[in-house]
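Same order as they appear, the protein sequences are chains A and B. Add 358 to a position in the first sequence, counting from 1, and you land on the number used in our numbering. Add 54 to a position in the second sequence, counting from 1, and you land on the number used in our numbering. The beta carbon of each residue, even a glycine, is placed where N, CA and C say it ideally should be. If you're wondering where the values come from, they're calculated on a predicted model, not measured in any experiment. All remarks here apply to the structure that follows.
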Amino acid sequence: MHRTGSLYGQFKTLEQQKDTATLGMWIFLVTEVMFFGGIMLAYTINRHTYFHAFAVGSNTLSLPLGGFNTVVLLASSFTMAMAVWSAQSGKKQLISIFLTLTILLGFVFFGVKYVEYAQKFHHHLVPGKNFDISYCVDNPSKCEDISAADLERERGEIEEAKAADPNLNAHAQLYYSAYFGMTGLHALHMVIGAGLLLWLLKGSLAGQFTAEWNNPVDIVGLYWHFVDIVWIYLFPLLYLIDRHK
Amino acid sequence: MPEKHYLNATYGIRSWLLTTDHKRIALLYLASVTLFFFIGGFFAMMIRLHLLTPNGYLLSADTYNRMFTMHGVAMIFFFLIPSIPAVMGNFLIPLMIGAKDLAFPKINLLSWYVYVVGGMFTLWSMVNGGLDTGWTFYTPLSTVYSNSAVAPAVVGVFITGFSSILTGLNFLVTIHTMRAPGMTWFRLPLFVWAHYATSIVMILGTPVVAITLGLAGMERLFGLGFFNPAMGGDPILFQHLFWFYSHPAVYIMILPAMGVISELIPTFARKKLFGYHFVAAASLAIAVIGFLVWTHHMFVTGQSTYAAVAFSFLTFLVAIPSAVKTFNWTATLFGGSISFDTPMLYAFGFLGLFLVGGLTGLFLGSLGTDINIHDTYFVVAHFHYIMVGGAVMGYLGGLHFWWPKITGRMYPEWLARIAAFILFIGFNFTFFPQFILGIMGMPRRYHVYPPEFQIYNVMSTAGASILAVGYLLPMVYLTWAAFYGKVAGENPWPATGLEWKTQSPPLTENFEVTPVVTWEAYDFHNRPDLGLDVPGGHGPRIVAPAHGDD
């Protein structure tokens with residue numbers, strides 16, 4: 359099939375093409391819901407069975423970093439929505455500006471995620487042979503980035519949880535399996551999203567998107583918002599399990 | 055032969071590997087699924103040869119485990135699931151609805167490449183020692199204990215899943231948005247309805263098995279723990295998630311075959327399909343209820359008895375739409391003007407074998423019986439009656455039926471009829487004794503058995519050899535026919551679908567002008583363009599034979 363202008367050969371009208379692409383993206387998002395649904399089921403069952411381990415694990419995450427990233431992603435959804443709006447109203451320069459902002463916010467998210475992941479590696483909180491939920495509590499000198507007060511709180515929580523769940527260390531690994539599995543998948547989707555945004559940016563800099571034809575912006579926007587919503591679920595599920603103490 | 059068509063529109067390897075024409079992509083799929091069919095078939099022959107003697111002289115126990123595992127993996131993930139949808143669905147759906155192509159031609163090509171990459175990972179696993187976990191990849195065997203090449207196979211199946219998702223997505227969108235003027239939902243051929251239902255299963259089920267195998271793979275490679283009892287994880291959770299896809303996957307295999315049968319029977323009975331709306335609705339009902347029966351694979355895992363009762367009941371429920379279809383096909387034959395061309399022979403074969411396979415499924419779905427015969431050869435026989443007797447019969451029937459459309463040439467009719475008979479006989483010889491073995495208590499997946507089971511195993515192995523001939527024959531003569539067969543013309547049968555209202559083989563853009571549909575599906579009475587002598591109103595009496603060969 360050959361491309362004539364922006365209408366692909368298999369379609370009769372631009373409208374049909376737009377409907378088709380939009381329906382395709384929505385159906386793709388349905389598959390994504392099922393995809394994340396599987397791991398969320400695994401999370402839910404294990405959180406129910408090993409609540410203490412999940413609470414302890416959750417409290418080792420950094421609320422400021424996670425909270426900051428949530429704000430960053432919400433902001434990126436806003437800039438994405440603005441990019442779509444700019445495209446629909448034919449403001450060609452604004453599209454590129456908002457797409458650039460969205461990409462930058464995405465990279466801020468990656469940066470913070472890198473800091474968080476690195477901490478977990480240093481603190482022996484990656485599932486595997488060296489996993490040790492008490493590592494920082496036992497070796498405060500190796501975890502100088504955690505304040506003494508926080509370590510003290512953590513020690514108390516771990517002792518309390520161990521009384522309820524003698525196999526805490528194994529079960530905390532399940533929490534971290536969920537953490538790395540879910541945030542890793544989410545990050546992978548972010549990487550794909552960033553690639554799509556760069557592709558859009560290339561198109562918008564070339565002036566491809568007009569008020570009449572801007573469907574790629576629209577459907578990449580759908581994808582980006584979906585990835586954002588996944589994080590809106592992940593944040594409370596992973597960071598806020600038992601913070602009320 | 056028409057002067058210009060999709061096969062000679064462009065030449066060269068690039069014009070095939072970079073094609074976005076759904077018909078060429080279908081042929082790419084045809085070549086690749088055939089390759090995997092023969093790989094899987096090779097493993098099947100090894101299994102049957104090994105089981106010729108009670109002590110199994112041919113293979114070691116370990117090798118035997120690898121043989122049946124790789125047979126299952128190749129056949130299920132790389133042949134049965136893509137076979138009818140990706141080959142025939144791909145080729146026919148745009149033609150049947152009067153479109154120029156699928157909605158997303160590039161994604162269609164991408165799905166084939168994804169399939170190939172997944173297939174390569176799996177082949178890598180196979181030549182790298184193979185895997186021995188069973189096609190079900192049960193944890194913790196697959197994640198902790200197996201010493202075979204599990205990781206590349208899991209990665210391969212994971213990747214191939216996305217090919218299935220993309221195909222399903224493409225079909226759903228295409229059927230929604232690309233229908234020709236006048237092609238209303240209830241004028242769609244039932245082949246299209248069947249693929250619509252199949253696509254729903256593909257897009258809702260496949261992501262779940264993808265994440266499940268993804269987690270299992272990460273467990274094996276990086277030590278995640280969801281399915282590892284040593285960490286407090288739950289292997290049963292793996293089974294739930296696995297079967298949540300893999301039971302509906304059975305419907306991914308059988309629904310398209312049912313779609314083929316729904317085309318064959320009206321065509322060769324020269325009669326409107328009985329109860330069109332019911333057959334269409336039955337496809338959707340199978341897709342929906344099919345998602346609610348998965349734990350009948352797990353009746354002996356110690357799940358809650360109440361859950362087991364509910365799932366047993368739902369399993370009976372899913373048999374109803376299948377029965378509706380079977381009755382409707384049979385009712386279509388009544389008063390029809392039946393001709394026994396090869397595709398129709400496959401349709402009859404399907405009816406008989408699917409009936410046996412379906413009814414024995416009820417034995418397995420009822421709790422008490424299942425405890426007795428689970429994990430025996432009864433199960434093996436049951437699902438081979440569905441998957442080989444049902445899905446592969448449908449596949450071959452469809453391949454014969456549409457071969458004139460795909461290649462523009464007829465296959466040799468008498469040779470094809472003989473092959474269909476050989477297949478039917480070989481199939482029953484192979485698998486019927488396995489029902490008896492199962493009832494006698496021979497467990498599946500064992501490499502040795504007590505001597506009193508030998509006679510049935512010998513019968514089964516003998517049958518498998520006949521079956522192999524039945525599969526090789528069509529491959530040879532269909533390939534021959536593609537080049538040297540008699541020129542078929544636009545509509546050799548004749549059949550009523552839109553795909554028969556364009557030249558054979560079709561143009562790259564399918565139709566010279568977008569067709570406008572003014573008739574109902576399978577309406578032989580009101581189709582003077584078919585040239586049939588069908589008196590209106592009171593059902594067909596005498597009509598022309600199917601084609602000049604008789």
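Open item on the list: For a cutoff of 8 Å on Cβ pairs, would you count R361(A) as touching chain B?
Closed with: Counting from one through the first sequence, the residue named residue 361(A) turns up at place 3. Confidence in R361(A) is poor, its pLDDT being 44 and thus under 50, which makes the residue's placement too unreliable to answer from.
TODO: For the alpha helix (DSSP H) holding L71(B), just list the boundary residues, first then last.
DONE: Numbered from 1 along the second sequence, position 17 holds the residue referred to as residue 71(B). Note, L71(B): alpha helix (DSSP H), I67 to L71.
Task: Residue-chain proximity (D155(B), chain A), Cβ-Cβ < 8 Å - done: The count along the second sequence starts at 1 and reaches residue 155(B) at position 101. It does; some Cβ of chain A falls within 8 Å.
Open item on the list: Buried or exposed, going by whether 16 or more other CB atoms sit within 10 Å of the CB of S435(A)?
Closed with: For the purposes of this step, residue 435(A) is taken as the residue at position 77 of the first sequence. Label assigned to S435(A): buried.
TODO: Please work out which residues of its chain come closer than 8 Å, Cβ to Cβ, to G591(B), disregarding the five sequence neighbours upstream and downstream, and give them in chain order.
DONE: To locate residue 591(B), count along the second sequence from 1; it is residue 537. Residue confidence for G591(B) is low, a pLDDT of 45 falling below 50, so the modelled location carries little weight and cannot support an answer.
TODO: Tell me, to the nearest whole angstrom, how far the beta carbon of W457(B) is from that of Y465(B); I am working on the premise that it is less than 8 Å.
DONE: The count along the second sequence starts at 1 and reaches residue 457(B) at position 403. The count along the second sequence starts at 1 and reaches residue 465(B) at position 411. 6 Å between Cβ atoms; contact.
- [ ] Given a cut-off of 8 Å, decide if I516(A) and I491(A) are closer than it, judged by their beta-carbon atoms.
- [x] For this step, residue 491(A) is matched to residue 133 along the first sequence. For this step, residue 516(A) is matched to residue 158 along the first sequence. Yes, the Cβ-Cβ distance between I491(A) and I516(A) is below 8 Å.
Open item on the list: Can you check which of these residues, A373(B), G415(B), G406(B) and T515(B), is closest to F97(B) by C-alpha distance?
Closed with: The sequence position of residue 97(B) within the second sequence is 43, counting from 1. Cα-wise, what sits closest to F97(B) is T515(B).
TODO: Could you tell me which chain A residues have their CB closer than 7 Å to the CB of A264(B), listed as they occur along the chain?
DONE: Within the second sequence, residue 264(B) is the residue found at index 210, counting from 1. Residues of chain A passing the Cβ test: F393.
Open item on the list: Using a 10 Å radius around the Cβ and a threshold of 16 neighbouring Cβ atoms, would you call I79(B) buried or exposed?
Closed with: In the second sequence, residue 79(B) corresponds to position 25, counting from 1. Looking at its Cβ environment, which holds 16 or more other Cβ atoms inside 10 Å, I79(B) is buried.
Open item on the list: Looking at G390(B): is its Cβ nearer than 8 Å to the Cβ of R324(B)?
Closed with: As a position in the second sequence, residue 390(B) is number 336, starting the count at 1. As a position in the second sequence, residue 324(B) is number 270, starting the count at 1. Cβ distance < 8 Å, so G390(B) and R324(B) count as in contact.
Open item on the list: Among I599(A), V588(A) and L558(A), whose alpha-carbon lies nearest the alpha-carbon of L459(A)?
Closed with: Start at 1 with the first residue of the first sequence, and residue 459(A) comes out as number 101. If we check each option's Cα against that of L459(A), L558(A) comes out closest.
TODO: For the region 210 to 227 of chain B, enumerate the residues whose C-beta is nearer than 7 Å to any C-beta of chain A, in chain order.
DONE: I219, L223, L226 and V227
Open item on the list: Quick check: P206(B) and S179(B), are their CB atoms within less than 8 Å of each other?
Closed with: Here residue 206(B) corresponds to residue number 152 of the second sequence, with the count starting at 1. Here residue 179(B) corresponds to residue number 125 of the second sequence, with the count starting at 1. Contact flag set, yes.
- [ ] Can you pull the chain B residues whose beta carbon is under 9 Å from the beta carbon of L381(A), in chain order?
- [x] Residue 381(A) sits at position 23 when you count from the first residue of the first sequence. The contacting residues are A157, L226, V227, H230 and T231.
Open item on the list: Taking the straight line between their C-alpha atoms, what separation do you get for G363(A) and T74(B)?
Closed with: Counted from its first residue, the first sequence places residue 363(A) at position 5. Counted from its first residue, the second sequence places residue 74(B) at position 20. Interpretation of G363(A) is limited by its pLDDT of 49, a score under 50 that renders its predicted location unreliable; the figure taken from the coordinates is listed afterwards. Distance between the alpha carbons of G363(A) and T74(B): 18 Å.
Task: Span of the alpha helix (DSSP H), counted from its first residue to its last, around G443(B) - done: Residue mapping note: residue 443(B) aligns to position 389 of the second sequence, counting from 1. Careful: G443(B) lies outside any alpha helix (DSSP H) and carries neither H nor E.
Task: Selection from H249(B), T176(B) and L105(B) that minimises the alpha carbon distance to Y500(B) - done: Within the second sequence, residue 500(B) is the residue found at index 446, counting from 1. Out of H249(B), T176(B) and L105(B), L105(B) has the C-alpha closest to the C-alpha of Y500(B).
Open item on the list: If I follow the unbroken alpha helix (DSSP H) through P487(B), where does it start and stop?
Closed with: For the purposes of this step, residue 487(B) is taken as the residue at position 433 of the second sequence. First-last of the alpha helix (DSSP H) with P487(B): E467 to M494.
Open item on the list: Measuring only the C-alpha atoms, how far is F292(B) from T359(B)?
Closed with: Residue mapping note: residue 292(B) aligns to position 238 of the second sequence, counting from 1. Residue mapping note: residue 359(B) aligns to position 305 of the second sequence, counting from 1. About 19 Å.
Open item on the list: Taking contact to mean 3 or more Cβ pairs, one atom from each stretch, closer than 8 Å, check whether the region 266 to 283 of chain B and the region 208 to 218 of chain B are in contact.
Closed with: yes
Open item on the list: If contact is defined by three or more beta carbon pairs under 8 Å, each pair taking one atom from either stretch, is the region 156 to 165 of chain B in contact with the region 114 to 123 of chain B?
Closed with: no
Open item on the list: 8 Å is my cut-off, CB to CB: does G184(B) come that close to chain A?
Closed with: In the second sequence, the residue the question calls residue 184(B) occupies position 130. No, because no Cβ of chain A sits closer than 8 Å to the Cβ of G184(B).
Task: Closer than 7 Å at the beta carbon, the chain A residues around G286(B) - done: Against the second sequence, residue 286(B) aligns to sequence position 232. Within chain A, the residues near G286(B) are Y408, N525, A528, H529 and L532.
Open item on the list: Just verifying my parser: in three-state terms, what is the DSSP assignment at K478(A)?
Closed with: The residue labelled residue 478(A) in the question sits at position 120 within the first sequence. Looking at K478(A) - three-state DSSP - the assignment turns out to be helix.
Task: Interface partners of I257(B) on chain A, CB under 8 Å - done: Locating residue 257(B) in the second sequence gives position 203, where the first residue counts as 1. Neighbours of I257(B) on chain A, chain order: I385, V388, T389 and M392.
- [ ] Taking only beta-carbon positions, decide if I491(A) is within less than 8 Å of chain B.
- [x] Within the first sequence, numbered from 1, the residue matching residue 491(A) stands at position 133. No, its Cβ sits nowhere closer than 8 Å to a Cβ of chain B.
Task: Residues near L452(A) in its chain [Cβ-Cβ closer than 7 Å; skip 5 each side] - done: For the purposes of this step, residue 452(A) is taken as the residue at position 94 of the first sequence. Closer than 7 Å at the Cβ level, and outside the excluded window around L452(A), lie S444.
Task: Buried or exposed by the 16-neighbour rule on C-beta atoms within 10 Å, applied to N69(B) - done: Indexing the second sequence from 1 puts residue 69(B) at position 15. According to the sequence provided, residue 69(B) is Ser. The question's Asn does not apply to it. S69(B) should be labelled exposed.
- [ ] Name the two residues that bound the continuous alpha helix (DSSP H) containing N119(B).
- [x] Within the second sequence, residue 119(B) is the residue found at index 65, counting from 1. Element bounds for N119(B): A115 to M129.
Open item on the list: With a threshold of 8 Å between beta carbons, is Y261(B) in contact with chain A?
Closed with: Position 207 of the second sequence, counted from the first residue, corresponds to residue 261(B). Note on residue identity: the sequence assigns Pro, not Tyr, to residue 261(B). Interface residue, yes.
Open item on the list: If distances are taken between C-alpha atoms only, which option among A522(B), E544(B), N545(B) and P559(B) comes closest to F537(B)?
Closed with: For the purposes of this step, residue 537(B) is identified with residue 483 of the second sequence, where counting begins at 1. The option with the nearest alpha carbon to F537(B) is P559(B).
- [ ] Measure the C-alpha to C-alpha separation of G396(A) and A470(B) and round it to an integer number of angstroms.
- [x] The sequence position of residue 396(A) within the first sequence is 38, counting from 1. The sequence position of residue 470(B) within the second sequence is 416, counting from 1. Each residue's alpha carbon lies about 46 Å from the other.
TODO: Take S217(B) and list the residues in its own chain whose beta-carbon comes closer than 6 Å to its own, dropping the five residues that flank it on each side.
DONE: Translated into positions along the second sequence, residue 217(B) becomes position 163. Only S165, V168 and Y169 meet the Cβ criterion.
TODO: Assign Y534(A) to one of three DSSP states: helix, strand, or coil.
DONE: Stepping through the first sequence from its first residue, residue 534(A) is reached at position 176. Helix, per DSSP.
- [ ] Kindly confirm or deny that the region 400 to 410 of chain B and the region 330 to 343 of chain B touch, where touching means at least three C-beta pairs closer than 8 Å.
- [x] no
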